[in-house]
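Note that the protein sequences, when read in sequence, are chains X and D.
Each step along the first sequence adds one to the number in this note's numbering, with nothing skipped, and position 429 is 410.
Each step along the second sequence adds one to the number in this note's numbering, with nothing skipped, and position 429 is 410.
For glycine and all other residues, C-beta sits at the position ideal for the given N, C-alpha and C.
Let me begin by presenting the structure, written as structure tokens, before commenting on it.
Number of protein chains: 2
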Amino acid sequence: MSLERIFNAESVVVVGASRDEKKRGFQAIRTLLEGKYEGDIYPVNPKEDRILGLKCHKSIADIGRPVDLALITTPARTLPSLLAECGQSKIAGAVIIAGGFGELGEEGKKLERQMVEVAREHGVRLVGPNTSGMISVHSNMNLVGLSGIPKGDLALISQSGNMALHLITEAALKSQKGFSYYVGVGNEADIKFHEYLEFFTEDPKTRAIVIYVEGLRDGRKFLQQAYKTTRKKPIVLLKSGRSVTGAQSAGSHTGALAGISEVAHTAFRRAGIINILNSDELFPVAEALSSLPPMKNNSVAILADGGGHATIAADVLNDHGVDIPAVGEATQERLRKLLGPNASLRNPIDVAGATDADPSVFAEAARILLRDESIGGLLMVGLFGGYGIRFAERLKFKEEDAAHQLGKLVLKTQKPIVVHSLYNHARPHSLDLLRYYGIPVYDSLEIACKCSATLSQYGRHRSDWQRKSTFVFNWGHDAKDEGNAMIAQSRKEGRGLLLEHEAKRLLGLHGVKVPDERLAKTAKEAASFAKELGGPVAMKIVSPQIVHKSDARGVRLGVEGQDAVTQAFDDIVAAALGYEPKADIRGVLVSPMAEPGVEVIIGTKIDAQFGPVIMFGIGGIFVEVLKDVVFRVLPITPKAAEMMLDEIRSSKILSGFRGKPPIDRQALIELLLTVSGIIEAYPQIQELDLNPIIVRHDGLSIVDARLLLTK
Amino acid sequence: MSLERIFNAESVVVVGASRDEKKRGFQAIRTLLEGKYEGDIYPVNPKEDRILGLKCHKSIADIGRPVDLALITTPARTLPSLLAECGQSKIAGAVIIAGGFGELGEEGKKLERQMVEVAREHGVRLVGPNTSGMISVHSNMNLVGLSGIPKGDLALISQSGNMALHLITEAALKSQKGFSYYVGVGNEADIKFHEYLEFFTEDPKTRAIVIYVEGLRDGRKFLQQAYKTTRKKPIVLLKSGRSVTGAQSAGSHTGALAGISEVAHTAFRRAGIINILNSDELFPVAEALSSLPPMKNNSVAILADGGGHATIAADVLNDHGVDIPAVGEATQERLRKLLGPNASLRNPIDVAGATDADPSVFAEAARILLRDESIGGLLMVGLFGGYGIRFAERLKFKEEDAAHQLGKLVLKTQKPIVVHSLYNHARPHSLDLLRYYGIPVYDSLEIACKCSATLSQYGRHRSDWQRKSTFVFNWGHDAKDEGNAMIAQSRKEGRGLLLEHEAKRLLGLHGVKVPDERLAKTAKEAASFAKELGGPVAMKIVSPQIVHKSDARGVRLGVEGQDAVTQAFDDIVAAALGYEPKADIRGVLVSPMAEPGVEVIIGTKIDAQFGPVIMFGIGGIFVEVLKDVVFRVLPITPKAAEMMLDEIRSSKILSGFRGKPPIDRQALIELLLTVSGIIEAYPQIQELDLNPIIVRHDGLSIVDARLLLTK
């Protein structure tokens, strides 16, 4: 169901309306009246007749006409029955301010579930509970009690009322931007992040979406929606709670779980979200992305009026992965004519005094640079805006002229210009003019660079979009009967896992080449298998009770010769029984020794926020000591599998090292994709670990496999 | 010679004085007059009689009385003779504005050397050339032409005039801080960074030193001075030019080389310098460190009035390595009484509305927190300063009361308070009051956290100071005659390196246990040595022409048995001659095979900026693929050697891994210290590489050694 009647409600009932100035039920009505809300307001309180000049109704039913939205300010326990009343009056949604639900533990969770049940039954959607409220800024439907909210095209979704205040204050003090909507998601008991996102994606008043989140309740649906949203509009997101202390603090005030940062960050990036780590950058980046065209390539020209700023800007852009290519000879020639012999012309361009007498020269230099096809965008850093302050007052008119020219240049070329000015703080008119044209101006060089970089990042996402994952995961797709049967048998035996040879058999069912190995029940069988295989063999205990085979001294490698194999069989079984006397010994797995190569690991698990995820990394010492692994939310595309190989720190090891030939990347990519398919096929799998896998230049061997089932 | 007469000059001659308003020689005099410089001003220009009402002298000699300082604005080529004149008039120093020296290549370098020679001969010290000038702010001796410089206690040393303008503007717009001195170092032809640093260390008007640097000309002397300075005063430094493009840009405007970032950063930290990577943080950190007492421990309490801010602050402090411990029960109890049941009391402390009616409650909460002995400092984040703006105007008086209390609390407890306020931009009086007491207020949460973290960092440096390196390096200390003889012999033979066995012999001279190995001249000798050693041996070609022995197939490992050794000798020699027909074959080194262990590497080199540096890392694949190495400027202390072992990413490998016992850390620490001593002993060594070294739980073996001599 669309959230249209909630966000663009034409009438609001305030349940818990009050004459007490300190109460939310009073403040809410005052804010709506003062803000000149365009719709109807119906206070409800059985004990009052009139509040702030409005007739007060005894109950919701009493209003006697259809209402779109209810703001409920009464305590938690009143909610279930109130929501039933809302439903009977065909109210589309309710904003629930009260805390005392899921964030307070089991009792609260129970009440929350009960409330949601009633709401669903009556077709009422819920914002919150435990929310600061919501605001439809253009229609002045302010259900928060926060005044002075500038109107504009940013939709704000926040898990903290405090951060909403932060961003709104920042917008008002430092920009010409404003908001279309604000919603505090609270506990997300009913409406979740992705549903808000969906609404704002289609909303014509919204040009970009800003999100502050501490933990997601349904990360996968969020990713799926974000992936669709970012085709049309940028999403700028800050996720906090990454530190332990931070996570505790996040937990204490919203009751949400902070997610695994690494998985979240990669997934956000793939969904095209601009993922912000530094809170200072959240609003500025949203400002830039909602005001400027994204860049069509990754090459920025830096235009400076001083060497220090040019050097720092180049450092920071470079850290963000932006190219700062030397501009072409023709462009340099044009710049030379304009700026004279002292200027640095390659990139960064340092005017070296050529703008001192006339800062409108900046506009001409910008025109020359943006005419250069290799340049995707411009970053202007330094004193612009301050020439009229620092040097001579009359120069401010030149700066204003330049601002008009720069603004029109962006419109014409559809290439973004971002400006850093040392004098931003003094609010010269020229800089307000730039903002009028949608050119953001920052007093921080670092932030200006970050904004330039995200314009490039978002531009690349828009052009790359088709190749990204949709995050759509089809449980049960393409399962094999034999696979399901093995899993069922394992469950029947009360086992939480498949045995090693079963897990490998499952892989085999899906086309993975697994070692030619046999389960020997007796020493004699083992010897006979080893003879068939020829050469040295690996021998491993197989028992449902023994998960960590090495700990039980249940593994022998490189065993060769009939006697040695017989002896090893007996030793392994004895050691295993010594380790776990009640172990049900199914036999000893006899496998050919894998040829040497590079050890890698592939693992999957079901993440609490994002569902199935896959991990890839170099095995052995690398995974244990350096944790050199990368994650992806499943399913993965061939492109994603390839990128995983490149993204580990020690990826060089895969591409031929110390004179060794490169490994068989294709085999590894195929294995990653097959594992992705297997996890999709069997919702019964909790974790699948292939470790180690030995990859060579001509194929790979899966040496060990571990498969845990869901509970 | 002290720079006293330069920085506190009582008279200034302006050479190149002019009546042309556009010329520096006019502007400089105007600035001195307008700024009411306390000393005497003597314009010099043979063609003028009076400039701006001052008598103009035909020459320096013409002045006829002693002058302290000369500002020279004439072109590069005029300098040598002008400096001779300065010397004859006993002028202590000259500020040289002109470019056209070392930054322009060989011709310019020559002129620069010539100029410095004349200056030294006549006892004149030089600021610059290619500098924006210098300012003694308190005496209004402004030789830059930059007006509106706030007076205060920060000394600013910068390699970019642009960045100086940046910092001065930031101070004026955003703080109550100001400057004691500014100097633009320019090309550092004579006076270098460390000499300025020395002067400001002793200067009573300076409380902290701010440095912007792109490349250092004498990094070691800088470190030595910084190490002394930071005992007394903080140094806050930003080094840019770390990216390639950035480095080009830095090079183009100052002609200095950008240094190896990794070496520089570690060395700066050891010298107690606060090394800033984000330019937004440079001034704020200087403000905090020059106004507040440093922290006595690493534990910060966060005091917030909203969950979002608390969560983000905890994240950021945690990223900076600051502890945010739960406060004690007694403290929590006191806070509970003050803030009521809804507040989060552990840390971060979230007042949860308890300050809404009276923001002076913040001061009381701060008092309770700073009384807690486990807490070293306080970070207040959120809305303070804005209660009078957002909620009710009368609350601003409560905020002002709180500001007075907080200010006096810092004075009394000597624990720092740093404040973030969303309303800083609006400049409420309460926040100016905080600044009056030296409590800095930032609108950036991230920067407030950084400042808190650096107060802790600087505090730790002050208490740890004795253990740090002095960076004093005694070339030639403790050299052995035999070592010098080997090096001399090598030079005599025209070799740029010692042979492997010679390098090991040198190590042995300094007490390092080296393998019992012999140089065999014939196959027979080799066989006999191998027999004596017993067991398998390693055999390696020894020839001055063959540096990379493996490339020449000049290495055999695990050779066992008389016939095999004889055969290997012949093969190695044949292969070496095949690889390099003119090779002078000195023989084949026969060594016992090293027992297995962890491969590490120790290397040294002479860095262009910092002199001798040492590198340590895990060897093999780690050093080649992951570059998992750390650097230190030599000499190192035992503590530094120990820290190097811990600082590599894969340090876990050294502390016992996969059930192996920990390696012999002591042996490795001793080896690092001995190598440090050897480099100190022989200034003739350019590079020493011990690679690999195999470390076991009971000692280590140096398998290969490579020693290059200086040219």
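Residue i versus residue j - alpha carbon distance
i, j, result
"L350(D)", "A622(D)", "38 Å"
"R317(D)", "E310(D)", "10 Å"
"G236(D)", "K90(D)", "Low local confidence applies: a pLDDT of 40 at G236(D) is under 50, so the model's placement there is unreliable, with the coordinate-based value given in what follows. The straight-line gap from Cα to Cα measures roughly 10 Å."
"N259(D)", "E427(X)", "7 Å"
"L717(X)", "M574(D)", "The requested residue 717(X) does not occur in the structure, where chain X is confined to residues -18 to 692."
"T655(X)", "E195(X)", "33 Å"
"G584(D)", "S221(X)", "41 Å"
"A282(X)", "T292(X)", "13 Å"
"G366(X)", "G114(D)", "24 Å"
"E576(D)", "L514(D)", "14 Å"
"V332(D)", "L669(X)", "46 Å"
Neighbour-count burial assignment, residue i, 16 or more Cβ in a 10 Å radius
i, result
"P397(D)", "buried"
"N(-11)(X)", "buried"
"H458(X)", "exposed"
"R5(X)", "buried"
"K586(D)", "buried"
"T451(D)", "exposed"
"S(-17)(X)", "exposed"
"V528(X)", "exposed"
Close Cβ partners of residue i (< 6 Å) along its chain, the five nearest in sequence each way excluded
i, result
"L681(X)", "A648 and I674"
"R499(D)", "F510 and V571"
"L479(X)", "S471 and L688"
Minimum Cβ-Cβ distance from residue i to chain X less than 8 Å
i, result
"G45(D)", "no"
"I292(D)", "Sequence check: residue 292(D) is Thr here, not Ile. Yes, its Cβ sits closer than 8 Å to a Cβ of chain X."
"R223(D)", "yes"
"D565(D)", "no"
"I634(D)", "yes"
"G289(D)", "yes"
"Y417(D)", "no"
"S425(D)", "yes"
"D339(D)", "no"
Chain-order list of residues whose beta-carbon lies under 7 Å from that of residue i (same chain, five-residue window excluded)
i, result
"A504(X)", "T547, F550 and D551"
"H234(X)", "Below a pLDDT of 50, predicted positions are generally treated as unreliable, and H234(X), at 41, falls in that range; the measurement from the model is reported next regardless. Result list for H234(X): empty, nothing under 7 Å."
"A307(D)", "R327 and N328"
"R348(X)", "L390"
Contact under 8 Å by Cβ, residue i with residue j
i, j, result
"I370(X)", "Y418(X)", "no"
"I72(D)", "L107(D)", "no"
"V540(X)", "V569(X)", "no"
"D134(X)", "S(-1)(X)", "no"
"P616(D)", "E661(D)", "yes"
"V399(X)", "S355(X)", "no"
"A285(X)", "I330(X)", "yes"
"L320(X)", "A346(X)", "yes"
Any C-beta of chain D under 8 Å from that of residue i
i, result
"A407(X)", "yes"
"V606(X)", "yes"
"L154(X)", "yes"
Residues of its chain near residue i, where Cβ-Cβ distance is below 8 Å and the 5 sequence neighbours each way are ignored
i, result
"K641(D)", "H678"
"V523(D)", "L480, E481, H482, L500, I566, R567, G568, V569 and L570"
Contact with chain C by residue i, beta-carbon distance below 8 Å
i, result
"N168(X)", "Any reference to chain C falls outside this structure, whose protein chains are X and D."
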